[in-house]
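Numbering (the working numbering), first residue to last: 6 to 139. Every residue gets a Cβ at the ideal spot worked out from N, C-alpha and C, and that includes glycine. All values derive from a computational prediction rather than experimental measurement. Read the structure below first, then the notes.
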C-alpha cells in the first residue's frame, strides 16, 4: 500500500528536522540504526531491506552539483553570494575571526504569512570555530 507521507510527517516519527529527513531521502544524510528501525516501522518495510538499501547506496553525497537553474536553490545560492561579504563582516564583528562548520550546520525552513502572500524563512545554525593564535 502506497502511503502519501510528507517529510514533516516522517520527521516527526523519526524525531528529526524535516530538512534533515528530506536530505536522508536524497542520499545527503546518514541514518542511525534507530532511524532505520523507525523508518521501517513507519513504511511497513523490513529493517534488513532498509539497511541493505542504505548500505548499497554508499556514503552520503556531498557534491552540490549544478543548481544554477533550480528555481529554489539557484536564488538561495545567488542571495548568499550577493550578501556574502556583508554576512562575513557581521559574523567576524560579532563572533571574532573564525570559520563556520558545514558538518555541524542545521537548516530550518519556515513559512511566513505576511497578509497578501507567503514568504519563506531559511535559518542556518552552525558551530562557529575561532581561528587559533600561536
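Rounded to whole angstroms, residue 40 and residue 139 show a C-alpha spacing of 42 Å.
When DSSP states are grouped into helix, strand and coil, residue 121 belongs to the coil group.
Annotated three-state conformation of residue 137 is coil, per DSSP. Residue pairing for residue 128: DSSP places it in a beta bridge opposite 113. By the criterion of a C-beta distance shorter than 7 Å, residue 114 is surrounded in its chain by 24, 125 and 127, once the five residues flanking it on both sides are discounted.
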